[in-house]
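Asker:
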């Protein structure tokens with residue numbers, strides 16, 4: 122348990138060590154490289170691009186004028202202005218970040234599209250475009266592959282004559298970053314899955330083309346393309362560091378290195394020191410074994426039947442997962458054994474039916490109300506280790522399947538809150554229970570790539586791997 126340093130047998134340690142050895146090559150293969158700006162253009166009186174191999178000379182853009190920018194100077198892309206950069210360093214089609222600052226000279230209700238940035242493959246085909254879309258009054262990211270286009274509109278109205286920070290990330294390598302995302306001023310505004318594009322070789326800023334003169338009509342500053350997708354809070358750090366100009370790249374690279382190291386530490390600690398079990402029952406079969414490795418990078422847990430809890434040595438486990446799918450029916454002795462386990466320092470993570478179980482067996486002493494709805498629900502985030510990695514100001518959609526509405530209270534922390542109710546009903550709570558910890562989700566954070574990280578956070582927090590007690 123996370124507060125007791127319980128001893129396990131030498132046999133278990135040997136098996137655990139073997140499991141770590143077997144898992145390490147898999148993790149190493151998926152390890153993202155250190156953050157690097159493949160291309161950066163500051164527009165401080167020059168249109169040259171900086172790459173890891175040196176200066177990349179521009180093509181076109183001789184008529185560009187330079188004015189006061191977001192940091193230093195910016196380029197004024199007026200009627201027909203454009204600049205290109207050929208043979209840019211290789212951008213990974215599975216994971217990358219595009220960053221730029223834009224100050225539109227038009228209002229957000231303008232009735233024309235305005236092209237900001239494009240990437241082309243070796244055959245001259247457009248594979249990425251970042252623009253202002255008149256249909257949504259704000260930024261849009263387009264990824265095109267094999268005639269199929271991913272069209273991601275930001276839920277954000279561009280602000281005319283003000284600086285707007287736009288970041289586009291895409292990733293198919295890390296389950297925490299999975300999806301195409303578009304950020305405005307440091308906050309994610311839209312996300313969706315995407316078709317991977319061909320590797321780009323040409324970067325173009327400004328007017329779309331001579332044939333299709335979709336003019337930029339904006340100032341552009343601090344353009345950069347990075348070699349991996351940044352996380353939500355790393356993008357926010359990039360936004361906050363804008364005033365430092367090019368120094369922001371080194372600052373965010375240091376942040377990424379620290380985040381990578383902490384993520385590795387947590388995973389290694391959980392694999393080497395912690396043990397999890399999943400409780401199943403007559404109506405709940407639990408998750409498939411492969412889900413734990415593929416979606417969360419976690420070892421497959423033991424399975425405990427709901428009727429055998431009182432006959433199981435729960436002290437062997439640091440955290441119990443009560444998944445959704447039906448309803449739990451613990452015996453009275455089983456419920457008491459569960460409460461004692463938590464008093465002694467165990468961890469509990471309940472989802473949907475597991476959330477109902479937390480209320481039924483008095484792990485959370487609040488009123489629960491049926492919420493017989495299925496589909497997506499919008500919730501607000503509260504800062505807590507379980508929501509780490511998500512911007513605290515954002516709203517997020519979770520899959521919901523008849524989980525309860527939880528009455529607000531004081532003995533637990535509300536970590537996800539619905540938009541309904543006065544005061545709003547609660548979707549997820551966390552609390553200390555004796556020496557242990559409890560997390561309960563009404564909805565299903567495991568239901569989408571965007572919210573899956575919360576499940577691992579909850580497991581790590583409940584087991585004491587993160588968010589150490591004061």
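In my numbering, the protein residues as written are 122 to 591.
Ideal placement from N, C-alpha and C gives every residue a C-beta, glycine not left out.
(1) Quick check on the burial criterion: 16 or more other C-beta atoms within 10 angstroms. Buried or exposed for residue 489?
(2) Expressed to the nearest angstrom, what Euclidean distance is found between the alpha-carbon atoms of residue 340 and residue 382?
(3) On the CB-based measure, 16 or more other CB atoms within 10 Å of its CB, does residue 163 come out buried or exposed?
(4) Which residue's Cα is closest to the Cα of residue 234: 226, 240, 241?
(5) For the putative contact between residue 400 and residue 443, defined by C-beta atoms under 8 Å, what is the C-beta separation to the nearest angstrom?
(6) Hey, residue 574 and residue 386: beta-carbon distance below 9 Å or not?
(7) Is DSSP giving residue 299 helix, strand or coil here?
(8) If we call anything under 9 Å between Cβ atoms a contact, is residue 202 one with residue 337?
(9) Pick out whichever of 184, 191, 174, 154 has its Cα sitting closest to the Cα of residue 168.
(10) Is residue 142 helix, strand or coil when you go by DSSP?
(11) Residue 273: which of 283, 253, 267 sits nearest, CA to CA?
(12) What span of residues does the beta strand (DSSP E) with residue 342 cover, start to end?
(13) Only counting runs of 4 or more residues, tell me where the alpha helix (DSSP H) segments fall wholly within the region 438–491, in order along the chain.
(14) What separation, rounded to the nearest whole angstrom, lies between the Cα atoms of residue 364 and residue 283?
(15) Per DSSP, residue 225 is paired with what?
(16) Can you look up residue 213 in the DSSP assignment and give me helix, strand or coil?
(17) Ignore the nearest five residues each way along the sequence and tell me which others in residue 179's own chain have a CB closer than 8 Å to its CB.
(18) Given residue 433, which residues of its chain have a CB within under 7 Å of its CB, disregarding the five upstream and five downstream residues?
(19) Since residue 242 is in the beta strand (DSSP E), which residue starts that stretch and which ends it?
(20) By Cβ distance below 6 Å, which residues in the same chain neighbour residue 302 in space, the five residues on each side in sequence not counted?
(21) Which residue wins for smallest C-alpha separation from residue 486, given the options 515, 560, 458?
(22) Do the region 410–426 and the region 443–459 make contact, defined as three or more Cβ pairs closer than 8 Å?
(23) Would you kindly check if the distance between the Cβ of residue 480 and the Cβ of residue 430 is under 9 Å?
(24) Going by beta carbon distance, what residues of the same chain come within less than 6 Å of residue 319, once the five residues before and after it are set aside?
(25) Please specify which runs of the beta strand (DSSP E), each continuous and at least 3 residues long, are wholly inside the region 274–330, giving them in chain order.
(26) Anyone know if the C-beta pair for residue 525 and residue 569 falls short of 9 Å?
(27) Under the DSSP definition of a beta bridge, which residues are partnered with residue 511?
(28) Below 9 Å between beta carbons: does that hold for residue 245 and residue 160?
(29) My guess is that residue 286 and residue 307 are in contact by the Cβ rule of under 8 Å, so how many angstroms apart are they, rounded?
Answerer: Short version:
(1) Numbered from 1 along the chain shown, position 368 holds the residue referred to as residue 489. Buried: at least 16 other Cβ atoms inside 10 Å.
(2) In the chain shown, the residue the question calls residue 340 occupies position 219. In the chain shown, the residue the question calls residue 382 occupies position 261. It is roughly 37 Å from the alpha-carbon of residue 340 to the alpha-carbon of residue 382.
(3) To locate residue 163, count along the chain shown from 1; it is residue 42. Counting Cβ neighbours within 10 Å, residue 163 comes out buried, since at least 16 surround it.
(4) What you label residue 234 is simply residue 113 of the chain shown in a count that begins at 1. Closest option to residue 234, Cα to Cα, is 226.
(5) Taking the first residue of the chain shown as position 1, residue 400 is located at position 279. Taking the first residue of the chain shown as position 1, residue 443 is located at position 322. Here residue 400 really is in contact with residue 443; their C-beta atoms are around 5 Å apart, less than 8 Å.
(6) The residue you call residue 574 lines up with position 453 of the chain shown. The residue you call residue 386 lines up with position 265 of the chain shown. In this structure, the beta-carbon distance from residue 574 to residue 386 does not fall below 9 Å.
(7) Taking the chain shown and counting its residues from 1, one reaches residue 299 at position 178. Of the three classes helix, strand and coil, the one that applies to residue 299 here is coil, per DSSP.
(8) Taking the chain shown and counting its residues from 1, one reaches residue 202 at position 81. Taking the chain shown and counting its residues from 1, one reaches residue 337 at position 216. Taking C-beta atoms as the reference points, residue 202 and residue 337 count as a pair closer than 9 Å.
(9) As a position in the chain shown, residue 168 is number 47, starting the count at 1. Among 184, 191, 174, 154, the Cα nearest to that of residue 168 is on 184.
(10) In the chain shown, residue 142 corresponds to position 21, counting from 1. With a pLDDT of 31 at residue 142, under the threshold of 50, the predicted position of this residue should be treated as unreliable, though the coordinate-derived value follows. In this structure, DSSP gives residue 142 a helical state, which the three-state scheme calls helix.
(11) In the chain shown, counting from the first residue as 1, residue 273 sits at position 152. For the options 283, 253, 267, the alpha carbon positioned closest to that of residue 273 is the one of 253.
(12) If you number the chain shown from 1, residue 342 lands on position 221. 339–347 is the extent of the beta strand (DSSP E) around residue 342.
(13) Within the region 438–491, the runs of alpha helix (DSSP H) that reach at least 4 residues and sit entirely inside it are, in chain order, 453–464, 474–481.
(14) Taking the chain shown and counting its residues from 1, the one referred to as residue 364 is at position 243. Taking the chain shown and counting its residues from 1, the one referred to as residue 283 is at position 162. Cα atoms of residue 364 and residue 283: separation of roughly 15 Å, rounded to the nearest angstrom.
(15) On the chain shown, position 104 is the one that residue 225 refers to. When DSSP reads this structure, residue 225 sits in a beta bridge with 339.
(16) Position 92 of the chain shown, counted from the first residue, corresponds to residue 213. Residue 213 carries a coil assignment under DSSP once its states are collapsed to helix, strand and coil.
(17) As a position in the chain shown, residue 179 is number 58, starting the count at 1. Within the same chain, 168, 169, 170, 204, 205, 206 come within 8 Å of residue 179 by CB-CB distance, once the 5 residues on both sides are set aside.
(18) Taking the first residue of the chain shown as 1, we reach residue 433 at position 312. In its chain, beyond the 5 residues on either side, 425 have a beta carbon closer than 7 Å to the beta carbon of residue 433.
(19) Indexing the chain shown from 1 puts residue 242 at position 121. Taken as a continuous stretch (DSSP letters only), the beta strand (DSSP E) holding residue 242 covers 235–242.
(20) Within the chain shown, the letter at position 181 stands for residue 302. Cβ neighbours of residue 302 within its own chain (closer than 6 Å, five residues either side excluded): 290, 309, 312.
(21) Working through the chain shown from its first residue, we reach residue 486 at position 365. Ranked by Cα distance from residue 486, the options 515, 560, 458 are led by 560.
(22) No: fewer than three Cβ pairs fall under 8 Å.
(23) Position 309 of the chain shown, counted from the start, is the residue given in the question as residue 430. Position 359 of the chain shown, counted from the start, is the residue given in the question as residue 480. No. Outside cutoff.
(24) For the purposes of this step, residue 319 is identified with residue 198 of the chain shown, where counting begins at 1. These residues qualify, in order along the chain: 242, 248.
(25) Taking 3 residues as the shortest admissible run, the region 274–330 contains the following complete beta strand (DSSP E) segments, listed from N- to C-terminal end: 285–292, 300–305, 308–313, 321–327.
(26) Indexing the chain shown from 1 puts residue 525 at position 404. Indexing the chain shown from 1 puts residue 569 at position 448. Cβ distance not < 9 Å, so residue 525 and residue 569 don't count as in contact.
(27) Taking the chain shown and counting its residues from 1, the one referred to as residue 511 is at position 390. Beta bridge pairing from DSSP links residue 511 with no other residue.
(28) Within the chain shown, the letter at position 124 stands for residue 245. Within the chain shown, the letter at position 39 stands for residue 160. Going by C-beta atoms, residue 245 is not nearer than 9 Å to residue 160.
(29) Taking the chain shown and counting its residues from 1, one reaches residue 286 at position 165. Taking the chain shown and counting its residues from 1, one reaches residue 307 at position 186. Contact between residue 286 and residue 307 holds: their C-beta atoms lie close to 6 Å from each other, under 8 Å.
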